Amino acid sequence: MKIATILGTRPEIIKMAPIIAEINQRGIDHFIIHTGQHYDKEMSDNFFRDLEIPTPDYNIHVGSGTHAKQTGLMMKGIEEILLDEKPDIVLVQGDTNAVLSGALVCAKLHIAVGHVEAGLRSFDMTMPEEVNRRVADICSAMYFIPTEQSAVNLLSEGISRKNLIITGNTVVDACFRHLEIAKKRGFEEESLADLDIENMENILTLTMHRAENVDVKQRVTSIIEALKQLKDMNIIFPIHPRTKNTLENFGLFDELNSMEHIHIVKPIGYLDFLLLTSKSTLILTDSGGLQEEAITLDVPALTLRYNTERPETVAAGGNILVGSDKDAILENANKILNDNDFAEKMKKAPNPYGQGDAASKTVDAIEKFYSEGLLNIEAPEDIMDSFTRKMAAVNEDVTVSEFEENENALIHMVYDGRNMVFPRDELNLNGMMITYDKRE
Ligand code: UD1
Ligand code: UDP
Numbered sequence: 016m017k018i019a020t021i022l023g024t025r026p027e028i029i030k031m032a033p034i035i036a037e038i039n040q041r042g043i044d045h046f047i048i049h050t051g052q053h054y055d056k057e058m059s060d061n062f063f064r065d066l067e068i069p070t071p072d073y074n075i076h077v078g079s080g081t082h083a084k085q086t087g088l089m090m091k092g093i094e095e096i097l098l099d100e101k102p103d104i105v106l107v108q109g110d111t112n113a114v115l116s117g118a119l120v121c122a123k124l125h126i127a128v129g130h131v132e133a134g135l136r137s138f139d140m141t142m143p144e145e146v147n148r149r150v151a152d153i154c155s156a157m158y159f160i161p162t163e164q165s166a167v168n169l170l171s172e173g174i175s176r177k178n179l180i181i182t183g184n185t186v187v188d189a190c191f192r193h194l195e196i197a198k199k200r201g202f203e204e205e206s207l208a209d210l211d212i213e214n215m216e217n218i219l220t221l222t223m224h225r226a227e228n229v230d231v232k233q234r235v236t237s238i239i240e241a242l243k244q245l246k247d248m249n250i251i252f253p254i255h256p257r258t259k260n261t262l263e264n265f266g267l268f269d270e271l272n273s274m275e276h277i278h279i280v281k282p283i284g285y286l287d288f289l290l291l292t293s294k295s296t297l298i299l300t301d302s303g304g305l306q307e308e309a310i311t312l313d314v315p316a317l318t319l320r321y322n323t324e325r326p327e328t329v330a331a332g333g334n335i336l337v338g339s340d341k342d343a344i345l346e347n348a349n350k351i352l353n354d355n356d357f358a359e360k361m362k363k364a365p366n367p368y369g370q371g372d373a374a375s376k377t378v379d380a381i382e383k384f385y386s387e388g389l390l391n392i393e394a395p396e397d398i399m400d401s402f403t404r405k406m407a408a409v410n411e412d413v414t415v416s417e418f419e420e421n422e423n424a425l426i427h428m429v430y431d432g433r434n435m436v437f438p439r440d441e442l443n444l445n446g447m448m449i450t451y452d453k454r455e
């Protein structure tokens, strides 16, 4: 079996690292394609170093540009490589332009796509990431899904349950593995050297880079107004290059940089960043990965967005959406700082993203699909089955597997009277409403 991994930005490198390590440990033939979307040392090379990932076999060097230009160049580069390498499955992660390009190219070449972190939905089609993840999910053959809630999103879009594998999120694997290494090593980042973070209190780690925040002057100004007033906090702000550019263009950078309680630094390496976040009183962010890391590290998070594709973190009580609303940011940040019960409750929120074994579950499933011939994407020769789409109320003790076997059916959705729930094989359907396809 030959596996390809496509990645291109900082979070993809971090979240694919545990899977790459697992593939290599099992001695499976594997190669890495870097799209080159992130190219600064601080946004790319340093993560290969910190997470001990082999240097990519290919780099397409797309660099920065409009969405169409980046996506087009990536597709062209990826197609050339895949035609030559002919992998059995191509892994893409998350919702960046690499995911969109990789999934589209594979769909056309009839190569199986494995979408890592599939099924997340913000339901906000103005986000480029929402478009990318939805398109990738149409093109995929295997879905590695962090939570049952994300799996239900895919089921409600008509995707077959047979291809859904609930793994947890590899961000937990990366966090658990590297936090220990980071703690032993201590801070090494030069840009943090003057700050004596080890002995600093009331740390607020801030990151923001989402286009809908940093490219909109009114929103970014409102966030900055809140930051200026949070004088009881030590705000550490490793600034994304996109954000640095826009703050400079809006003429907002210098004043922010001159404030005594705000420390703007370059993007920092993964080990230093994990140490920093784990020592923080509060994380203020619009990052996807950071919402997950906050709940993994038991640090309260305020998310600078009006929606999130990580609603599990909000439901669990570890994350609050504050948008770019100055008053909401100030009120909640001050509460976390001054109200111990409030902060403790947020810290104790259970982590919805698993135990840190997402990578091994992912590679187990790939090996199983491969051995069963399910990665071969070929035009069918069987005459199409006919089936009827049905709905039923179940009034007997019967599990999902038993029902499917007895009825020659595949269940889509299960409603427990209040919510849609994921039809795990062993789930007892008694008292539930279901929808299913019955083969004739
Ligand atoms: C991209 C992803 C986003 C992800 C983020 C992770 C898409 C559509 N967006 O956003 O989902 O959350 O990465 O960080 O794929 N730049 C540099 N050096 C670099 C990279 C970028 O200076 O190494 C600057 C350039 O001015 C560029 C801007 O940052 O125009 C934005 O970069 P881009 O890759 O387009 O999007 P991100 O905001 O990084
Ligand atoms: N991160 C890092 N150094 C930084 C900022 C972030 O190592 O200076 C890591 C962070 O731990 C998380 C990931 O980058 O795992 C998040 O990436 P980003 O916010 O760029 O993207 P998103 O997750 O929003 O797609």
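The sequence shown: position 167 = 182 (this note's numbering), numbered continuously. In this text, a Cβ means the ideal position worked out from N, Cα and C, and glycines have one as well. Since the structure is predicted, the reported quantities are computational estimates derived from the model, not experimental observations.
Taken in chain order, the whole beta strand (DSSP E) runs of length 3 or more contained in the segment 35–101 are 44–49. The segment 253–270 makes no contact with the segment 362–369, as fewer than three CB pairs between them are under 8 Å. Per DSSP, V409 lies in no beta strand (DSSP E) and is assigned neither H nor E. Excluding sequence positions up to five before and after I196, its CB lies within less than 7 Å of the CB of L286, all in the same chain and listed in chain order. Within the segment 309–337, the complete beta strand (DSSP E) runs of at least 3 residues fall at 316–318 and 334–336. Distance from the Cα of K376 is smallest, within the candidate group P26, K56 and D188, for D188. For E204, same chain residues with a beta-carbon under 8 Å away, outside a window of 5 residues either side, are V280, I283, G284 and D287 in chain order. In terms of CA proximity to V120, C154 leads the group T111, C154 and S237. For the segment 223–300, the continuous beta strand (DSSP E) assignments of 3+ residues that do not extend past its boundaries occur at 249–253, 277–280 and 297–300, in sequence order. In the DSSP assignment, T414 is bridged to N443. Taking C-beta atoms under 8 Å as the contact rule, P102 and I18 qualify, at a distance of about 6 Å.
For D400, no beta strand (DSSP E) run applies, since DSSP gives it neither H nor E. Per DSSP, reduced to three states, the secondary structure at H193 is helical. DSSP places N391 within a strand segment (E or B) once states are collapsed to three. I174 sits in coil when the DSSP states are folded into three classes, being neither helix nor strand. By the 16-neighbour rule on beta-carbons within 10 angstroms, T81 is exposed. Taking E419 as the centre and dropping the five residues before and after it, the same chain places the C-beta of L425 and I426 closer than 7 Å to its C-beta, in chain order. Secondary structure note for A373: its alpha helix (DSSP H) is the uninterrupted segment A373 to S386.
Just measuring C-alpha positions, the residue of I34, T24 and G23 sitting nearest V378 is I34. The beta strand (DSSP E) runs of length 3 or more contained entirely in the segment 123–148 are, from start to end of the chain, 127–131. When the beta-carbon positions are compared, V186 and K30 come within less than 8 Å of each other. Setting aside the 5 residues that flank it on each side, T70 has no residue in the same chain whose C-beta is closer than 6 Å to its C-beta.
E172 is classed as exposed because its beta carbon has fewer than 16 other beta carbons within 10 Å across all chains shown.
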